[in-house]
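Student: Let me begin by handing over the structure; questions about it come next.
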Amino acid sequence: MVQSSLYFLQRDPIYRAEKVYELRRSHDPKIPRTNMRLDKIEGIDIDDVRGQNCSLATNGFFLLNLGSTITAEDFDDRSKVTQSFFPQLAGAVKSSLGASRIQIFDYALRKRHHDFPISNGGVYEHKQPSCVAHVDSTTGDMERLRRELNLAEYQSLSKLRCQFLTAWMPLRGPARDWPLTLCDVQSVDPKTDLEPCDLVDPNEISETYSVHYTPRQRWCYLKDQMPGEVWVFLQADSNGAIGVPHASFQHPEATEKDPLRESIEVRMLVFYED
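Structure below.
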């Protein structure tokens, strides 16, 4: 176990009247870019769950061992990611979960700039780690994705159980520089810990969850996670299961000798016949 800090949404009465939002596209300057008010919570216990039998059904996440994959440099080549890594990942997820169909629809690389978490005022070439606890999707927004991504097949696919999952893997290891931490869903109360949030991007509006902190939450990570070791975790489920709050944290044992954080996250819809 280690201790670190994360950012959480304040328990502010304003959210009884206003929905949480963040504007990520051009907007009227008279309108605040966001109404998120965050607290930095120090001294959070983050448990190393290496060797523990975490499962999607119980904890909201599980560890998938892919073994060897394409090299870290190859992840900069979109064709190698989509033609080599995606089939390897989709096949392993499908087999592990007994799913009937895996639909990968998005991915992102994150490469930490050496100035992070202090902004240099410029635009980074790659996405940076997020140290604000969040869930990527609500059930309603997952249904929007299911429909928009499958217009021709929506009538048949809408009858199947669907999960929105994220697969996360470091590209270099061991991952000590701003690794990922996941919150065990058994320790989350969706009624009091999660707040729906609208993210307004240039091309779409998506609904996510911001997260309030409570000491009852159990935060987890995988010590010295290596390439090939993949976290697969839930964002939303048509059966109503809640998604996994997650964020990146500054590992207290990280040194300048550790490689700067590089990771890939792959987002997918997973369908089940039964």
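Sequential numbering from 1 applies to the sequence shown in UniProt numbering.
All residues carry an ideal CB built from backbone N, CA and C; glycine is no exception.
1. Can you tell me whether SER187 is helix, strand or coil according to DSSP?
2. Go through its chain and collect everything with a Cβ distance to ASP177's Cβ below 6 Å, but skip five positions before and after it.
3. Quick check: what's the CA-CA separation for PRO179 versus ASP48?
4. Assuming ALA167 contacts GLU265 (C-beta within less than 8 Å), just tell me the rounded distance between them.
5. Can you list the beta strand (DSSP E) stretches of 3 or more residues lying completely in the stretch 40 to 116, in chain order?
6. Residues in the same chain with beta-carbon distance under 6 Å from TYR221, minus the five sequence neighbours each way, listed in chain order, please.
7. Identify every residue that forms a DSSP beta bridge with THR208.
8. Assign PHE249 to buried or exposed, taking buried as 16 or more other Cβ atoms, counted over all protein chains shown, within 10 Å of its Cβ.
9. Going by C-alpha distance, which of GLY240, ARG50, LYS127 and PHE233 is nearest ASP224?
10. Who are the Cβ neighbours of MET226 in its own chain at under 8 Å, not counting the five residues just before and after it?
11. What does a CB cutoff of less than 7 Å around LYS94 pick up in its chain, not counting 5 residues either side in sequence?
12. The alpha helix (DSSP H) with ARG37 in it runs from where to where?
13. Return yes when the Cβ of ASP201 is within less than 8 Å of the Cβ of ARG33, no when it is not.
14. Looking only at DSSP bridge pairs, what is VAL20 linked to?
15. If the criterion is Cβ atoms closer than 8 Å, does the pair HIS251 and VAL2 meet it?
16. Hey, is the stretch 233 to 248 in contact with the stretch 134 to 150, meaning 3+ C-beta pairs nearer than 8 Å?
17. CA-CA distance, ARG216 and GLN128?
18. For LYS40, which residues from the same chain have a beta carbon less than 7 Å from its beta carbon, with the 5 sequence-adjacent residues on both sides left out?
19. Which first and last residues belong to the alpha helix (DSSP H) in which TYR154 is found?
20. In three-state DSSP terms, what is ASP237?
Tutor: In brief:
1. helix
2. ALA254, ASP258, LEU260 and ARG261
3. Whole-angstrom Cα-Cα distance: 12 Å.
4. 7 Å
5. Listed in chain order, they are 61 to 65 and 101 to 111.
6. ILE46, PRO179 and THR181
7. CYS197
8. Buried: at least 16 other Cβ atoms inside 10 Å.
9. Looking at the Cα atoms, ARG50 is the closest of the given residues.
10. Correct list, in chain order: PRO170, GLY173, PRO174 and ALA175.
11. ILE102
12. Neither: ARG37 is in no alpha helix (DSSP H) and is coded neither H nor E.
13. no
14. BP columns for VAL20 point to CYS197.
15. yes
16. Counting Cβ pairs under 8 Å, three or more are found: they touch.
17. Just so you know, the alpha carbons of ARG216 and GLN128 end up roughly 28 Å apart.
18. SER5 and TYR7
19. 154 to 157
20. strand
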